[in-house]
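Q: Going down the list, the protein sequences come from chains A and B. Going by numbering that gives the first Met the number 0, the first residue of the first sequence is number 0, and it counts up by one from there. Going by numbering that gives the first Met the number 0, the first residue of the second sequence is number 0, and it counts up by one from there. The beta-carbon is built from N, C-alpha and C at its ideal position, and this holds for glycine as well. First the structure, then my questions, so here it is.
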Amino acid sequence: MDHAGLVQRLERILGPGGVFHRPGDLLVYEYDGSVDGAVDTARPAAVALPTTTEQVAAVVKLANEAGLPVVARGAGTGLSGGAVAQQGGIIISLTRMDRILEIDREDRTALVEPGVINLELSETALPEGFFFAPDPSSQKACTVGGNVAENSGGPHCLKYGVTTNHVLGLEVVLPDGRVVWTGGRAPGGSGYDLTAAMVGSEGMLGIVTKALVRLTPQPESVVVLLAAFGDMDAASHAVSGIIAAGIVPAALEMMDALTIEAVEPAYHAGYPMDAGAVLLIELDGPTGDVRETADEVSTLCRQAGATEVRTASEKAERDLLWKGRKMALAAMGRLAPNYYLHDTVVPRSKLPATLRRVGEVSKEYDLPIANVFHAGDGNLHPLMLFDRRRKGSVERVLEASHDLLHYCVEVGGALSGEHGIGTEKRDYMTLVFTADDLAAMAGVKNSFDPRGCFNPEKLFPKGYMCGEVRALRAQAMAQKLGIYAL
Amino acid sequence: MVVAVEADLGNLHRYAGHDQPDDDLLRTCVHCGMCLPTCPTYRLTGQEMSSPRGRLWLMKSVADGRLDLLDPIFDEQMYQCLNCRACEAVCPSGVHYGPLVEAARSQLEQHRPRPFWQRATRKVAMGWLFGDGRRLRAAVAGLRLYQRSGLAALLRRSGALKLAGMEELEAMLPPVSRRSLVPGAEHWSSPEPVRAVRLFNGCVMGTVFADTNRAAARVMARNGASVDLPVGQQCCGALHVHAGMMDEARTLARANIDAFEATGDDAIVVTAAGCGAALKEYGYLLKDDAVYADRAARFSARVRDVTEHLAETDLVPPTVPVDRVVTYQEPCHLVHAQRIAVQPRKLLSAVPGLRLVEMRESSLCCGSAGIYNLIRKEMAEDLGDRKVRHVMETPATEVVTANPGCAMQLRASLRRNGSRVKVRHIVEILDEAYGGKQNIDSDGSARAGAERVG
Ligand SMILES: Cc1cc2nc3c(=O)[nH]c(=O)nc-3n(C[C@H](O)[C@H](O)[C@H](O)COP(=O)(O)OP(=O)(O)OC[C@H]3O[C@@H](n4cnc5c(N)ncnc54)[C@H](O)[C@@H]3O)c2cc1C
Ligand code: SF4
Ligand code: SF4
């Protein structure tokens, strides 16, 4: 099938308005939200914009016939290159499947198409008294489908859990074009938990075409505390103190001086410009409890050396405090033309030591590094600031990243808290997983996608699929033929 | 395996000449995608090339020699953009989108072959008609005559307008003000003025909506100002900038700077959000002009939208009840380009009896965007319909806005959808709450105690 033939067949499925194939059109599908240099751009052969599950399935079948890879794409805010078509092929962009099909007040669920924007789901559920708990900082733009594929998290996941805790069932188009449902309304369920397998699978096992998600009731009362500290160490101690006291805040976020410097002039959130670190602590629940806990947290912060503790209970005030945090990442553009964001997780006890190491790396490589992160669960987001036009800067950033990742893994951490592996971190997988670990994962991949056509060049280290998985595939074929000796 | 067809990059057209998209500005975009959902054209299409990020990437691609300046997609996307600046207001990295897309359009205008008739109509419409206040006033006088003589009704009934393809244009037009407002001819004043305000007339506001400008002047006079319109002022040039006609825009900008320079640091108040945004950017427009750069920056610093100006003053409480329900449509060039969102609402809340009910997506473009609704009819209509749906979800009987383009587009959209909801400029509501022309002498001075009318 040549390019013209492919386009013709796609247009038959999607109509002429649902297919892009001119070189200029394809240019804008060669990137996602990830950093230039850390992830290569790549152009697909065509982009399909379906509006129904049937169309998605038909495109997948066509891709099979043409021997082409398929890459699902949501809003393209991913930070690990997940939505970039590294081997070309067809991008299936789900942005036109953006309907909220049903909000069930009794079961506290929502049935949505994958292109629904995270925040808009919460806003739609708000009048019914609910919200969708996973709240990545990109929630204004990213899609539920992307959240499912990356198992995304956000500040409020400390208390409420990440995406996987909020997905009950999925309608999925499998790599061979069949459409299946996993999970369902009823809790528990028997057999393999395929929903859990799909969540976080980075578009490599199936394309989500509908999601049944859990809605969380709005708490009766919410309070946000802003605590300012002289340095990150003191702030870290406050974090430990709060957790040790058995308090589970809805969110517990830390920002360092550099972050405050980027955010405060841009959003006037009210962070003290002279602080070495600030904590944002959100508490929610019944009014009385919240008030009591707020007092307790305030005392703990002061004991840890807080220079100032402020409490915001009005929504407008709270939103303003949060705005600074949520926009922090992107506001870095004001400090430097480029940034590289990390997403490592370390055990909470290792937090102060890791932060010190971040400081050292910053000095060693002469790279400003801002820290803005989910302190409550040890999910670090060191942000390296650089200017790619300066020669050698990208290399320096990548080397510094390498050092930092190694350190985090050494202290028992993980590569990614919530942004996924994609192509960006795939070569680090061997740092945390043994050959057997990886083979187990490859086995899962292989049983869903023996042809390896869904989102190739992701997650597994470079070259891995060619070797190990090919071997597995050969084994599977042999067994089909009744040969068990392999 | 099939691969994408590669474009022929050998003889590629690149940016050249004046007004190229500034490379540093362009590179501030980190393609994070946070701006996508606020972009009206992306919302309607769900396609990346119709998003701010996509358009910036296309501009970057031309700069990098990966896309031909004259590739049809470039033209299509630079002009499909409404230049509503919604992306700019939400961009966390502070990307200045407006100047970039305007420069890209200027590049297209400089290098794209256009059919002769297109060039000619642009020259006449934009250069000649809007280039001089007198010519435009004469044209609008013709329009006024047309509306009042019964010719309008006759043509509408006969179907001749449809034949001439002028139906939409006709539906957008509100009843034209009886008299145009001529700079130098009228002025208003509080009995003991505490500040002088220099009103910027604007081409459409000063003619079609002249009565709205008069209402604004009355409201300011009741709040302690003396208001006049310096002679020599011209159209702001926003339409020209949006169309990539930078030379024409600069000529108008220089004329305006000259006209207002004699009035020191007095506030230059504007009733049209689109003009206000353009005037505030004269500093940027003329940054490379040795003679005018500094003067342009000083001019821009004096410019205030009328709502911004009123909200800065200690507002005399209006006393005439306006017992109606309204909803507020935020003009893009007010909320996004000038980041003015609270001031209009604050003013409306000061009006006794008035109830403001917010609509959904109040800051999403209504589809007007200068003359966009004339050249991109389909997209503009979809946006207009979407806006009308949101208006009709509220109990409002009037939509309040603050820009002539929006007013015309809203009016046409409401009419097309069979809605009776009226469109008002915010100063008209305020003027009503201050008693309108009551206690204003024929020479424009507000009588003492005028603030307690009604
Ligand atoms: C400024 C900024 C802040 C961010 N903050 C956070 C944060 O706090 N927490 C966090 O977790 N992430 C964060 N992210 C990362 C990103 O927003 C999330 O990973 C998000 O879930 C991606 O959603 P998307 O719709 O943009 O997906 P895309 O980027 O389009 O795709 C991401 C992956 O999902 C796959 N995919 C998309 N849709 C489907 C589908 N329907 N079925 C199967 N696979 C699919 C793609 O193939 C790809 O592998 C941030 C990103 C930015 C730019
Ligand atoms: S314009 Fe701003 S918000 Fe949009 S992609 Fe670029 S950096 Fe992100
Ligand atoms: S100016 Fe408006 S239409 Fe143009 S890209 Fe920005 S948000 Fe979209």
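From the DSSP output, which residues share a beta bridge with residue 19 of chain A?
A: DSSP lists A:46 as partners of residue 19 of chain A.
Q: Express the C-alpha separation of residue 22 of chain B and residue 90 of chain B in angstroms, rounding to a whole number.
A: 18 Å
Q: Taking Cβ positions, are residue 365 of chain B and residue 386 of chain B nearer each other than 8 Å?
A: yes
Q: Could you check what DSSP says for residue 486 of chain A in three-state terms: helix, strand or coil?
A: Given a span of 0 to 485 for chain A in the structure shown, any question on residue 486 of chain A remains unanswerable.
Q: Would you identify the three-state DSSP class for residue 457 of chain B, choosing helix, strand or coil?
A: Residue 457 of chain B lies beyond the residue range present for chain B, which begins at 0 and ends at 453; the question has no answer from this structure.
Q: Are the beta-carbon atoms belonging to residue 494 of chain A and residue 132 of chain A less than 8 Å from one another?
A: Absent from the structure is residue 494 of chain A, since the part of chain A shown begins at 0 and ends at 485.
Q: Under 7 Å Cβ to Cβ from residue 5 of chain A, same chain only, skipping five residues before and after it: list those, please.
A: 44, 45 and 65
Q: In or out: residue 352 of chain B buried (at least 16 other Cβ within 10 Å) or exposed?
A: Flag for residue 352 of chain B reads exposed.
Q: Assign residue 200 of chain B to one of three DSSP states: helix, strand, or coil.
A: If DSSP states are grouped into helix, strand and coil, residue 200 of chain B belongs with coil.
Q: For the segment 389 to 439 of chain B, list the alpha helix (DSSP H) runs that are entirely contained and at least 4 residues long, ordered along the chain.
A: 403 to 415 and 425 to 432
Q: Pull out every residue of the segment 51 to 70 of chain B whose Cβ sits closer than 9 Å to any Cβ of chain A, in chain order.
A: 52, 53, 54, 56, 57, 60, 65, 66, 67 and 70
Q: Is there at least one non-hydrogen atom of ligand 3 closer than 7 Å to the beta-carbon of residue 25 of chain B?
A: Relative to ligand 3, even the nearest heavy atom lies 7 Å or more away from the CB of residue 25 of chain B.
Q: Quick check on the DSSP output: the alpha helix (DSSP H) that includes residue 45 of chain B runs from which residue to which?
A: Note, residue 45 of chain B: premise wrong, no alpha helix (DSSP H); not H, not E.
Q: On the three-state DSSP scale, how would you describe residue 10 of chain B?
A: coil
Q: Could you tell me the boundaries of the beta strand (DSSP E) in which residue 28 of chain A lies?
A: From DSSP, residue 28 of chain A is part of no beta strand (DSSP E); its letter is neither H nor E.
Q: When the Cα of residue 324 of chain A is compared with those of A:95, A:154 and A:148, which residue comes out closest?
A: A:154
Q: Taking buried to mean at least 16 other C-beta atoms within 10 Å of its own C-beta, is residue 115 of chain B buried or exposed?
A: exposed
Q: Here's the rule: buried if 16 or more other CB atoms are within 10 angstroms of the residue's CB, otherwise exposed. What is residue 451 of chain B?
A: Low confidence applies to residue 451 of chain B: its pLDDT is 37, below 50, so where it sits in the model is not reliable, and the reading given next is rough at best. Answer is exposed; the Cβ neighbour count stays below 16.
Q: Kindly identify the DSSP beta-bridge partner or partners of residue 373 of chain A.
A: A:252 and A:378.
Q: Given a limit of 9 Å on CB to CB distance, which residues of the segment 35 to 46 of chain B reach chain A?
A: 35, 36, 37, 41, 44, 45 and 46
Q: State the DSSP-derived secondary structure class of residue 17 of chain B, mapped to helix, strand or coil.
A: coil
Q: Determine the direct distance from the alpha carbon of residue 378 of chain A to that of residue 314 of chain B, and round the result to whole angstroms.
A: CA-CA distance, residue 314 of chain B to residue 378 of chain A, rounds to 50 Å.
Q: Let me confirm a value: residue 237 of chain B is counted as buried when at least 16 other C-beta atoms fall within 10 Å, else exposed. Which label applies?
A: Buried, because 16 or more other Cβ atoms sit within 10 Å of the Cβ of residue 237 of chain B.
Q: Can you pull the chain B residues whose beta carbon is under 8 Å from the beta carbon of residue 137 of chain A, in chain order?
A: One finds 31, 32 and 33 in chain B with Cβ atoms closer than 8 Å to the Cβ of residue 137 of chain A, taken in chain order.
Q: Going by the C-beta, is residue 330 of chain B closer than 7 Å to any heavy atom of ligand 2?
A: no
Q: Check this for me: beta carbons of residue 241 of chain A and residue 299 of chain A, under 8 Å apart or not?
A: yes
Q: If you count every other CB in all the chains shown that lies within 10 Å of the CB of residue 369 of chain A, and 16 or more means buried, which is it?
A: Residue 369 of chain A comes out buried.
Q: Hey, residue 102 of chain A and residue 123 of chain A are a contact pair by Cβ (cut 8 Å); roughly how many whole angstroms apart?
A: 7 Å
Q: Using a beta-carbon distance cut-off of less than 8 Å, what residues from the segment 297 to 328 of chain A approach chain B?
A: 326 and 328
Q: Any beta carbon of chain A sitting closer than 8 Å to that of residue 378 of chain B?
A: no
Q: Would you kindly check if the distance between the Cβ of residue 208 of chain A and the Cβ of residue 166 of chain A is under 8 Å?
A: no
Q: For residue 72 of chain A, which three-state DSSP category applies?
A: If DSSP states are grouped into helix, strand and coil, residue 72 of chain A belongs with the strands.
Q: Can you tell me whether residue 324 of chain B is buried or exposed, with buried defined as 16 or more other CB within 10 angstroms of its CB?
A: exposed
Q: Hey, out of A:156, A:252, A:338 and A:112, whose CA is closest to residue 92 of chain B's CA?
A: The option with the nearest alpha carbon to residue 92 of chain B is A:338.
Q: For a test of your reading of the model: does the CB of residue 375 of chain A fall under 7 Å from any non-hydrogen atom of ligand 1? Yes or no.
A: For ligand 1, not one heavy atom lies less than 7 Å from the Cβ of residue 375 of chain A.
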